[in-house]
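Colleague:
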Amino acid sequence: MQVITIAARKGGVGKTTLAMHLSVLASNPGSPALLLDIDPQRSLAWWHRLREADVPNLIEADARELPDLIEAARREGIGRIIIDTPPHAEDSILGAMRVADLVLVPTRPGPLDLAAVATTLELAERVGKSPLAVINHSPPRTGQGEPAIVGEARAALASMGATVAASVVAHRVSMSHAILTGSTVNEHEPGGKAAAEVEALWREIEARLSETERKAR
Ligand SMILES: Nc1ncnc2c1ncn2[C@@H]1O[C@H](COP(=O)(O)OP(=O)(O)O)[C@@H](O)[C@H]1O
Ligand SMILES: [Mg+2]
Numbered sequence: 013m014q015v016i017t018i019a020a021r022k023g024g025v026g027k028t029t030l031a032m033h034l035s036v037l038a039s040n041p042g043s044p045a046l047l048l049d050i051d052p053q054r055s056l057a058w059w060h061r062l063r064e065a066d067v068p069n070l071i072e073a074d075a076r077e078l079p080d081l082i083e084a085a086r087r088e089g090i091g092r093i094i095i096d097t098p099p100h101a102e103d104s105i106l107g108a109m110r111v112a113d114l115v116l117v118p119t120r121p122g123p124l125d126l127a128a129v130a131t132t133l134e135l136a137e138r139v140g141k142s143p144l145a146v147i148n149h150s151p152p153r154t155g156q157g158e159p160a161i162v163g164e165a166r167a168a169l170a171s172m173g174a175t176v177a178a179s180v181v182a183h184r185v186s187m188s189h190a191i192l193t194g195s196t197v198n199e200h201e202p203g204g205k206a207a208a209e210v211e212a213l214w215r216e217i218e219a220r221l222s223e224t225e226r227k228a229r
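Taken in order, the sequence shown gives residues 13 to 229; the numbers are from our numbering.
#1: Quick one: what does DSSP say Ala127 is sitting in, helix, strand or coil?
#2: Compare the beta carbon distance of Leu78 and Ile95 with 9 Å and say whether it is the shorter of the two.
#3: Flag this pair as yes or no: are the beta carbons of Leu37 and Glu216 separated by less than 9 Å?
#4: What first and last residue would you give for the beta strand (DSSP E) that runs through Val15?
#5: In three-state terms, what does DSSP make of Pro79?
#6: Tell me which residue opens and which closes the beta strand (DSSP E) that Arg236 is part of.
#7: Does the beta-carbon distance from Glu201 to His183 come in below 9 Å?
#8: How would you label Lys22, buried or exposed, when you count the other beta carbons within 10 angstroms and need 16 or more for buried?
#9: Gly122 to Glu158, Cα distance in whole Å?
#10: In chain order, what are the residue ranges of uninterrupted beta strand (DSSP E) at least 3 long that sit wholly in the stretch 82-141?
#11: Taking the alpha-carbon positions, what's the Arg76 to Glu218 distance?
#12: How should Asn40 be labelled, buried or exposed, when 16 other C-beta atoms within 10 angstroms of its C-beta is the threshold for buried?
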């Protein structure tokens, strides 16, 4: 079983949005992913209630319940769990990081957002995890390649010692449209640019998880 925790000590960076999107891509026929919403705001659960599709499953929980919930999921044969966390409750974030095979840290590419990543990395380090930073809300790519602000963000994150995902998710209105219908961009607009970006990110995450598993063997 693979557990992905999405954490950032800043709100609005895309934790919940990535949890939704990745959970749908992480679901295979016959093996739905499980979402654990441990943010008391329950934004993920709100989206899940709007959904018509019956995967993934979602449980609203408290961080203290995570070890038991994960054990129960393992017994049921669940393949992948994605945990969405609150921005400020340090103990909850630490608890969710502890049980993770991979910690994702989404951030906007702006300077103040990047400064906040350092505090999230510190938490990950405390529980011995090396997270993958994901740049979300970037300006869309142009013909000239990656926007300058993304390159600057990569450099700033690297100087903090963070590994940064090659895939970047741009700020796109289609994201909001999808969420408001309880879906994801991959379901709402499958051939679109947003869908392609999220898929590329998921493939990168899958590869990283397989690599971690291979090393653990
Ligand atoms: N790539 C994106 N493009 C457009 N809107 C986005 C994108 N990522 C997130 N959003 C929007 O930004 C807001 C904050 O995202 P959210 O996932 O709730 O962040 P967090 O969980 O970190 O607080 C939401 O309204 C969400 O719909
Ligand atoms: Mg959230």
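Built from N, CA and C at the ideal position, the CB exists for glycine as well.
Modeller: Here's the rundown:
#1: Counted from its first residue, the sequence shown places residue 127 at position 115. Residue state, collapsed to three classes: helix.
#2: By one-based count along the sequence shown, residue 78 stands at place 66. By one-based count along the sequence shown, residue 95 stands at place 83. Cβ distance < 9 Å, so Leu78 and Ile95 count as in contact.
#3: Indexing the sequence shown from 1 puts residue 37 at position 25. Indexing the sequence shown from 1 puts residue 216 at position 204. No, these two residues do not count as a Cβ contact at 9 Å.
#4: Working through the sequence shown from its first residue, we reach residue 15 at position 3. From DSSP, the beta strand (DSSP E) with Val15 extends over 14-18.
#5: Reading the sequence shown from its first residue, position 67 is the one you call residue 79. Of the three classes helix, strand and coil, the one that applies to Pro79 here is helix, per DSSP.
#6: The question about residue 236 has no answer here: the residues shown for the chain are numbered 13 through 229.
#7: By 1-based counting over the sequence shown, the position of residue 201 is 189. By 1-based counting over the sequence shown, the position of residue 183 is 171. Result no, Cβ atoms of Glu201 and His183 do not sit closer than 9 Å.
#8: Here residue 22 is taken as the residue at index 10 of the sequence shown, counted from 1. Lys22 is buried by the Cβ-count criterion.
#9: For the purposes of this step, residue 122 is taken as residue 110 along the sequence shown, with counting starting at 1. For the purposes of this step, residue 158 is taken as residue 146 along the sequence shown, with counting starting at 1. Approximately 15 Å between the Cα atoms of the pair.
#10: 92-96, 114-119
#11: To locate residue 76, count along the sequence shown from 1; it is residue 64. To locate residue 218, count along the sequence shown from 1; it is residue 206. Near 27 Å, if we compare the C-alpha coordinates of Glu218 and Arg76.
#12: For the purposes of this step, residue 40 is taken as residue 28 along the sequence shown, with counting starting at 1. Its Cβ having fewer than 16 others within 10 Å, Asn40 is exposed.
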